[in-house]
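Every number in this note's numbering is 66 more than the matching position in the sequence shown, counting from 1. Here is the structure we will look at, set down as structure tokens.
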Amino acid sequence: MDAVCVVLSILFLPEYIEYETARAGSFVPIEISVSSILLFFALGEEIAWRAFFQNKFSKILPIVPVLFISSLLFTLGHYEAGNNMVIIYGLIFTFINSIFYGIIFHKTKNAWISTFSHFAANIFEVLLFETFA
């Protein structure tokens, strides 16, 4: 999904790449490797949103509403002020990716696997940004 996001942004919304690059730069100190930061964020988000929130709520609600609610909240946590078109574009792909990570966690019941998927997607997106930005 990240490849689709990057390709579409290159074609139709190049400001998105600038936005994501600047946003990531605000979190990543120079002395810490990008891959370590991306792993840290992926692990933290997967523990919070999948292993805790999704796991707890799936015991009282069907999985589809749980995936939707947890992905919506996960997505809102990625909101930052800026160009509305760019923000909405990024949030749509964040929501879709969150649904995928939620499905992976639901099927495997393993936060390490959803973390690896999340981390791999983050790394892939960074590599695409580096290649095409």
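Glycine included, C-beta positions come from ideal geometry on N, C-alpha and C. Just so you know, these numbers come straight off a predicted model, no measurement behind them.
For residue i, the three-state DSSP class (helix, strand or coil)
{"i": "P128", "result": "coil"}
{"i": "L104", "result": "helix"}
{"i": "G143", "result": "coil"}
{"i": "G148", "result": "coil"}
{"i": "K122", "result": "helix"}
{"i": "L79", "result": "coil"}
{"i": "K175", "result": "coil"}
Distance between beta carbons of residue j and residue i, contact taken as under 8 Å
{"i": "N188", "j": "Y85", "result": "Contact doesn't hold; Cβ gap of about 16 Å is too wide."}
{"i": "H184", "j": "E112", "result": "6 Å"}
{"i": "T181", "j": "L109", "result": "5 Å"}
{"i": "T141", "j": "F161", "result": "4 Å"}
{"i": "L104", "j": "V192", "result": "7 Å"}
{"i": "S164", "j": "S137", "result": "4 Å"}
Inter-residue spacing [alpha-carbon to alpha-carbon] between residue i and residue j
{"i": "I186", "j": "I126", "result": "For the sequence presented, residue 186 should be read as Ala rather than Ile. Answer to the nearest angstrom: the Cα atoms are 31 Å apart."}
{"i": "Y145", "j": "F107", "result": "15 Å"}
{"i": "L74", "j": "L139", "result": "24 Å"}
{"i": "V152", "j": "F159", "result": "11 Å"}
{"i": "W115", "j": "W178", "result": "13 Å"}
{"i": "L157", "j": "P128", "result": "24 Å"}
{"i": "Q120", "j": "N176", "result": "12 Å"}
{"i": "Y155", "j": "E81", "result": "10 Å"}
{"i": "S124", "j": "G143", "result": "20 Å"}
{"i": "A147", "j": "L194", "result": "24 Å"}
| said: Under 8 Å: do the stretch 150 to 168 and the stretch 127 to 138 share three or more Cβ pairs, one atom per stretch? | reply: yes
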